[in-house]
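Take any residue in the sequence shown, note its place counting from 1, add 1408, and you have its number in my numbering.
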Amino acid sequence: MPHYVPPQAAFFYKRPWTPELDRKLLSTVIRLKETNPWEGAVIPQVAITEASKIIAGEHGIQLTCDELSTRLEVLKARYNTFNEVLATSGVTWKINANLVVATEELWSQILKRNTFAGAYYHRDEPNFSMLAMLFGLTDVKTEDDTEVIIVSDTTQVIRPAEDGTEVIVVSDTTSVIHPTEDVTELVIISDTTQVLHNAK
């Protein structure tokens, strides 16, 4: 029997928060983390203060550092919940369609464990890439995606699959990639040599 689950916005946004403010907060903190890396998982006060100034300047909304810290905790909870949903056996993520796919019976089990998971009943996590950059990448199951992403600033030897699998490389060492048509998604961020042979 189908569930009534409210739209994703009902889970995510209460005033003053909007998708645009979430993206601005995340992009600002990620930029600061890339330019001035910090140790550990705690986001330093200076990054939160800078985000507050940028949001005030660009959106005309004054948010306190406490409000921004709380929102970052909410965003981290979203990231963890989305990964928890994807880790459930029988659940798949159709990236190209922005959908999380599961049977109604499986959704019943997921929603009993965590009602906030209902945020992903109608669509996936819209800020997954930024959340992963800030809170850490994890392995996820995907379907219908044939993109390989590797981050690099040196030599790359890439042999794409016959089906035209897209390969994006970002690394600071040599990478040798041999994707095949069964590659769904490969994201690598590393400071060591990688030799990847994806076989059936």
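We put the beta carbon where it would ideally sit given N, CA and C, even for glycine.
| Item | Value |
| --- | --- |
| Quick check: the Cα distance between G1465 and M1538, rounded to an integer number of angstroms? | 22 Å |
| My guess is that G1526 and L1514 are in contact by the Cβ rule of under 8 Å, so how many angstroms apart are they, rounded? | Their Cβ separation, rounded to whole angstroms, is 13 Å, which puts G1526 and L1514 out of contact at 8 Å. |
| Roughly how many angstroms lie between the CA atoms of R1531 and P1452, to the nearest whole one? | 32 Å |
| F1490: which of S1460, L1519, S1435, Y1412 sits nearest, CA to CA? | L1519 |
| Whose C-beta lies closer than 7 Å to the C-beta of N1506 among residues of the same chain, with five residues either side of it excluded? | R1531, D1532 |
| Roughly how many angstroms separate the alpha carbons of L1480 and S1516, rounded to a whole number? | 28 Å |
| Work out the CA separation of T1472 and K1422 for me, nearest whole Å. | 16 Å |
| Given N1522, which residues of its chain have a CB within under 7 Å of its CB, disregarding the five upstream and five downstream residues? | T1489, E1492 |
| Can you tell which of S1460, V1454, V1482 has its C-alpha closest to the C-alpha of N1419? | Residue identity check: residue 1419 is Phe in the sequence provided, not Asn. Considering only alpha carbons, the answer is V1482. |
| May I have the straight-line CA-CA distance separating A1495 from A1540, to the nearest angstrom? | 15 Å |
| Once DSSP output is grouped into helix, strand and coil, what is the label at I1557? | Residue confidence is low: I1557 scores 43 on pLDDT, short of 50, so the model does not pin down where it sits. No coordinate-derived value is stated. |
| State the CB to CB distance for the pair I1469 and T1436, rounded to an integer number of angstroms; the pair is presumed to be in contact (CB under 8 Å). | Not confirmed; about 13 Å, so no contact. |
| In the DSSP assignment, find the alpha helix (DSSP H) that holds L1507 and state where it starts and stops. | Where L1507 is concerned, there is no enclosing alpha helix (DSSP H), although the beta strand (DSSP E) it sits in stretches over 1507-1509. |
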